[in-house]
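Under full-length UniProt numbering, the residues of the sequence shown are numbered 1 to 551, in order.
Glycine is no exception: its CB is placed at the ideal position from the N, C-alpha and C atoms.
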Amino acid sequence: MPVATTSQLTLRDITKRYDAKTVLHRVTLAVSPGEKVGVIGDNGSGKSTLLRLVAGFERPDQGELTVSAPGGLGYLPQTLALPPQATVAEAIDEALADLRGLEERIRRAEAALAGPEGPELDAALANYATLVERYEARDGYQAEAKVDIALHALGLPELSRDRRIGTLSGGERSRLALAATLAASPELLLLDEPTNDLDDQAVGWLEDQLRAHRGTVVAVTHDRVFLERLTTTVLEIEAGAVTRHGDGYAGYLRAKAAERRRRLQQYEDWRRELERNERIADSNVDRLDAIPRRNPKAAFGHGAFRLRNREHGAASRIRNARERVERLTADPVAPPPEPLTFTGRIEETGATSEGPAVELRGVEVAGRLAVPSLRLGHDERVLITGPNGAGKSTLLRVIAGELTPDAGTVAVPGRVGHLRQRETPWPERYSVLRAFAHGRGGPGDLDEHIETLLSLGLFELSELGLRIGELSYGQRRRIELARLVTEPVDVLLLDEPTNHLSPALVEDLEEALVDYHGTLVVVTHDRRLRARFTGRHLALRDGRFEAPDAA
């Protein structure tokens, strides 16, 4: 594979705006060939925007962006931008667009060999040979076979090329796009949340592929374990700026903590100096006031000289201290910014009932789920694990009453809260506040929900008016989370709760779950969350519990 010998990509003074909002401001950075780069930042900070700029799907409003990838560029978006009627084959062609373009150039070069003679033929042959060499270097002749290998590794071994995209789940669409993107073997890989919807086996396979990749990887991800295992460099996007950290994710965490300590120390030094000079000024004013007032008879002699010295010294100290206070207040040192911190507390309704909180008997959903029996207590905590397609989301939908089983009974006497894996399709014209308040009062009552939403620490006041169409996937996920935690529930169902959320918010959510005392059922592929989970573990495979007695 041809590779860049200088910087793989370079940004110089890049600015990107959406209407009045500046997402990236005068960003300058470079990524070298072979780096494994993780891009992190709060939801809506501009991570996906950065990838789209590098991939060429958007243009900066200012600055110069240079990408040097003679071995090709592959871009994996968070969702496939194809209509539901598109086929799997068309999705693969979309992901292999770079290779397909090279194939077309080879066909044209081959056709050009028929006409010329002499020097023109030599030039045509050289061009054809160069294109074929590039195609072979990228394993182009094996691309379709590599797609099949990747689909098998990602849990989609028998996916028909004729199948419509609209019949696939969100996770299946994501894995299809990932398989085709990797099969193209591009020199530069741009991946937006590649581990979402992947089970352990698939994530392990992906990590192996990326570690073995001879080119450069730039991945936006909230997967903390993925960051630890793969990245050599971390780019953090914060307030429009991009900061580069070496030594992988662990190095980033150390540098971030050290920077916060340094900025806090600078602020404390500034505050103490300001307070010291204010005290000097105030104390000398009091001292000056305590000096006896002069009278005409006290204008001469040794005592008068000492009095004038005392007055002059106090006035001088007051003047110097006030000048210092003016300089300090004119150039203040701000404390390190406090990131948004999720402060929501998930409440139970307080209702009591005899018997289990959840009971399933003989439940069957054709081809997807078969649960002879499942009983969950009123304060029980359960983690449901299993590979992609095992039936985990189907089970949660049955418990929530959103899917009626083909056979069996479902008894859930209490109130259920369900954080679904798929986001609610809000109208794009809705604001953050209106989506949060939906179903909780008429449009004229929106203002009464502002304080509640802000108190959760999920959004800034300036973000409440943003339209759904302007939000990142993580910000939309925050709306779902906000709606969930502001209604008391007896049974809490969480389907991939950490998807699209920033690492800091995931940590906050984990703490909130510790304080919830109702029935909790969690489905997650987040390895860190699973490792920390305390409670019952149930494994699903092919719609059945692997240890039925445990259920």
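Outcome for residue i when other beta-carbon atoms lying within 10 angstroms are tallied against a minimum of 16
i: Y18; result: exposed
i: Y141; result: exposed
i: L459; result: As written in the sequence, residue 459 is Phe, which differs from the Leu given in the question. Buried is the call here.
i: E104; result: exposed
i: E236; result: buried
i: L227; result: buried
i: D447; result: exposed
i: T498; result: buried
i: L461; result: exposed
i: G155; result: buried
i: Q8; result: buried
i: Q265; result: exposed
i: P405; result: buried
i: L113; result: exposed
i: P503; result: buried
i: Q201; result: exposed
i: Q223; result: Note that residue 223 is Asp in the sequence shown here, rather than Gln. By the 10 Å Cβ count, D223 comes out buried.
i: G355; result: exposed
Same chain, Cβ closer than 6 Å to residue i, neighbours up to 5 away in sequence not counted
i: A109; result: N127, Y128 and L131
i: R163; result: V88
i: R324; result: N277
i: V217; result: K36, L189 and L210
i: E380; result: T519
Start and end residues, alpha helix (DSSP H) containing residue i
i: H152; result: A143 to A153
i: E460; result: Per DSSP, E460 belongs to no alpha helix (DSSP H) and is neither H nor E.
i: I399; result: K392 to A400
i: Y473; result: Y473 to V485
i: E236; result: Not the alpha helix (DSSP H): E236 falls in the beta strand (DSSP E), residues T233 to E238.
i: V506; result: P503 to V514
i: L102; result: A97 to A111
i: D445; result: First-last for D445: undefined, no H or E at that position.
i: G171; result: G170 to A183
For residue j and residue i, the rounded distance between their alpha carbons
i: H525; j: Q78; result: 17 Å
i: E428; j: G44; result: 16 Å
i: V27; j: A123; result: 42 Å
i: R541; j: A390; result: 5 Å
i: P60; j: Y516; result: 45 Å
i: V485; j: L509; result: 10 Å
i: V522; j: R173; result: 23 Å
i: R175; j: P335; result: 43 Å
i: E326; j: L505; result: 40 Å
i: V412; j: T231; result: 44 Å
Unbroken beta strand (DSSP E) run spanning residue i, endpoints
i: D13; result: L9 to Y18
i: R244; result: A241 to H245
i: E364; result: V358 to V365
i: V333; result: First-last for V333: undefined, no H or E at that position.
i: Q62; result: Q62 to V67
i: P119; result: Careful: P119 lies outside any beta strand (DSSP E), inside the alpha helix (DSSP H) at G118 to A137.
i: D192; result: L188 to D192
i: G41; result: K36 to G41
i: V373; result: The sequence given here places Ser at residue 373; Val does not occur at that position. L369 to L376 is the span of the beta strand (DSSP E), which, as asked, contains S373.
i: A114; result: Run containing A114: none; DSSP gives neither H nor E here.
i: E411; result: Residue identity differs from the one stated: residue 411 is Ala in this sequence, not Glu. Run containing A411: A407 to A411, per the beta strand (DSSP E) assignment.
i: A531; result: It is not in any beta strand (DSSP E) - A531 instead sits in the alpha helix (DSSP H) that spans R527 to R532.
i: A539; result: R536 to R541
Check whether residue i and residue j have beta carbons under 8 Å apart
i: R415; j: V489; result: yes
i: Y249; j: G38; result: yes
i: E64; j: R12; result: yes
i: L494; j: L374; result: no
i: G101; j: P186; result: no
i: L159; j: V203; result: no
i: V234; j: Y252; result: yes
i: L471; j: H449; result: no
i: R229; j: E193; result: no
i: L80; j: A179; result: no
i: L188; j: A370; result: no
i: L51; j: L24; result: no
i: L76; j: I165; result: no
i: A153; j: W205; result: yes
i: I399; j: V382; result: no
i: G543; j: R368; result: yes
Residues of its chain near residue i, where Cβ-Cβ distance is below 8 Å and the 5 sequence neighbours each way are ignored
i: G350; result: P488
i: G301; result: Residue placement at G301 is flagged as unreliable, the pLDDT there being 49, under the threshold of 50; a coordinate-derived value is accordingly withheld.
i: A184; result: G72, G74, A95, L96, D98, L99, R138 and A143
i: I106; result: Y128, L131, V132 and Y135
i: E480; result: L419, R420, E423 and T424
i: A91; result: L80, L82, I165, R173, L176, A177 and A180
i: G41; result: K47, E236, I237, E238 and S502
Own chain, CB closer than 7 Å to residue i, minus 5 neighbours either side, in chain order
i: A255; result: H245
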